[in-house]
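Engineer:
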Amino acid sequence: MFKVLSTCALFFSLVFGEIFINNPVGSTQWTAGQAQTVSWISSDGSPLTGTVSIVLRNGDPNALNPGTTLASAIPAGSGSTSVQLPDNLAPGSDYTISIVDNNNASVYSHTFAIAGSGNPLQASSS
């Protein structure tokens, strides 16, 4: 029985691994408090099934914080969803979107920037 469950989990992980996040990308800049669109495609053209959650995370790429769930129970086959960013996000260029399936398998976007509510992100000088 364990072998069957392990095989099924591996199969679902491999299928889920075919998702490619195409928004946001590395050059994206969002603003806290605004609605944004997260979109994804099947990298091999196969239909996407099941549901996913959209999680906003930030921090060191090797140790991302647990994040904030922006949307859940989104049909994977929809390919996109609109999310509302919290107003109180700290400005930064170390944000990423994680799409998580029902088996807790995740795929990640490139890192991108979020400006504070109403304030464009500005480069600091030292």
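Under mature numbering (1 follows the signal peptide of the UniProt record, and there is no 0), the residues of the sequence shown are numbered -17 to -1, 1 to 109, in order. Think of the CB as a built atom: it goes at the ideal place given N, C-alpha and C, for glycine as much as any other residue. These numbers were taken from a predicted model, which means no experiment stands behind them.
1) Should the segment 93 to 101 be regarded as contacting the segment 7 to 21, the criterion being three or more beta carbon pairs within less than 8 Å?
2) Report the rounded CA-to-CA distance for glycine 62 versus asparagine 71, giving the unit in angstroms.
3) Look at the alpha carbon of threonine 79 and the alpha carbon of alanine 54, and state the distance between them as a whole number of angstroms.
4) Can you look up serine 76 in the DSSP assignment and give me helix, strand or coil?
5) Quick check: what's the CA-CA separation for glycine 99 versus valine 21?
6) How is alanine 59 classed by DSSP in three states: helix, strand or coil?
7) Which value, in whole angstroms, describes the spacing of the CA atoms of alanine 59 and alanine 15?
8) Nearest-angstrom Cα distance between asparagine 85 and proline 74?
9) How would you call alanine 106, buried or exposed, if buried means at least 16 neighbouring beta carbons within 10 angstroms?
10) Tell me, which residues are paired with aspartate 84 by DSSP?
11) In chain order, what residues of the same chain have a beta carbon less than 7 Å from the beta carbon of proline 49, not counting five sequence neighbours either side?
12) Taking 8 Å as the threshold (C-beta atoms), are leucine 31 and isoleucine 2 in contact?
Structural biologist: Taking the coordinates as given:
1) yes
2) 27 Å
3) 14 Å
4) strand
5) 19 Å
6) Alanine 59: helix per DSSP, three-state reduction.
7) 25 Å
8) 30 Å
9) Because alanine 106 sits at a pLDDT of 47, beneath the cut-off of 50, its placement in the model cannot be relied upon, and the point is left open.
10) Val35
11) Correct list: empty, nothing qualifies.
12) Cβ atoms of isoleucine 2 and leucine 31: closer than 8 Å.
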